[in-house]
Structures are given as C-alpha cells and as structure tokens.
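Using the UniProt record's numbering, the first residue of the sequence shown is number 1, and each one after it goes up by one. Working notes, structure below.
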Amino acid sequence: MSVDETAPLRVLVVDKDPRARADVVSLLNGSTELEVVAETSDDAIALAERLRPDVVLLTPHATHHTAPLSRASRVFVLAPDRDAAEPALRAGACGHLVPGSFTVPDLIRGLRAASRLTLGLSAREAEVMDLIATGRSNGEIARQLFLSEKTVKNHVNRIYSKLGVGSRATAIALWRGMMSVLPAQD
C-alpha cells in the first residue's frame, strides 16, 4: 500500500451469506478511507495472496482460513460475541467486530489498535509516536512530556528502528494503520 496517508485501506470481505456480505460491502463502500478490493464466499486465501489487502473481514464460518490469511493481512472476524470469535483470534485474527453494530470509524479504530499491538513499542515510545502522528516537532514533544529534546530524539530513533522506517511520514502511516505492518511476500 502507498505510504500516502490519504490512500484508502484495502479490504477483502469474506462471508458465505451473500446478503450479509452485501451489507458489509455497502457499509464500507460509503467511506473514502476504505476500498473493498474484493468479496468472496470461499476463495479467500487465493484472493488474499493475489490482491494483498490490508484487512480481511471474515465470518466465523470461514475461521479455518484465519491462520493463512493472517500471514498476509490483518484479519478481523465478524462475530456476534467474543466466544464465537475466539477460534479465529487464537489462529491469528487481530480483532472482532459485531455485524450490524460497527461503523467505518469503528473499523478504522480497530485497525489502528491492531497495528499498534503489532508494532512492539514501549508505552513511552507509543506516547511519543501519538504526538508525532499529530504533527508535533521533537521540541514540542519534549516540552509536552517534560523531556529533553535529546531524549525525544533517542525515542524517535528507537521507534524508527522498531518500525523499520526511515521517515516520519512512513512511521505515521504505520501508526495510523494506513499501510500494512506485515512484510511483503517475495
């Protein structure tokens, strides 16, 4: 995915029920922050390998696909409760949503939270990264957190190292969940 922060997240929707799948696709198509790249009832793994979506929305009926899909994309399970989502969460899904009760902003928040969990930053580094993502300079961050600029710079360098990035823009895109944190396939 592009590092451009305005690029929409690419989503694959997997549901055996065509009506339920159409409802989810309709919800997602109403947003400029998401792009449904495909929808399917059963060939999710092949589609995900070919299309490399940022997110796969999966129903509990397709949880047997979770492990292979989670190696290429972030997987969210559409399930009525945590118990129904549990097998998929154990297999690598990063979250679950209740069908009919989430909005596009809820999905974006879930994706961002999932991205943060997979980035491995310390609590202080996450605090610094939150401020970086709001556009603050190192000096502004230092003043707000009562740190020296040198300490903030050290945090920023560790953040870049952990994220495997070389710029603020790329770090922000990862932090906001606007690009995949997963390595590209060869």
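Note that CB positions come from ideal geometry on N, CA and C, so glycine has one too.
The beta carbon of T63 is closer than 6 Å to those of P87, A88 in its chain, skipping five residues each way along the sequence. Contact check for D43 and R74: beta-carbon distance about 19 Å, past the 8 Å limit, so the pair fails to qualify. Restricting attention to V128, K153, F102, A67, the CA atom closest to the CA of L145 is found in V128. By the neighbour-count criterion, in which a residue is buried when 16 or more other Cβ atoms sit within 10 angstroms of its Cβ, G95 is buried. Here E33 carries a coil assignment [DSSP, helix/strand/coil]. Counting of Cβ neighbours within 10 angstroms places S167 among the exposed residues, the total staying below 16. Listed as beta-bridge partners of T40 by DSSP are V14. For H96, the enclosing beta strand (DSSP E) begins and ends at 95 to 97.
For R168, the secondary structure class from DSSP, reduced to helix, strand or coil, is helix. In the structure shown, R136 falls within a coil segment according to DSSP collapsed to helix, strand and coil.
The beta carbon of K16 sits closer than 8 Å to those of S41, D42, T59, H61, A62, all from its chain and outside the five residues before and after it, given in chain order.
In the three-state scheme derived from DSSP, where H, G and I count as helix and E and B as strand, L147 is classed as coil. When the beta-carbon positions are compared, E35 and V13 stay at least 8 Å from each other. The secondary-structure analysis by DSSP pairs F76 across a beta bridge with L57, G95.
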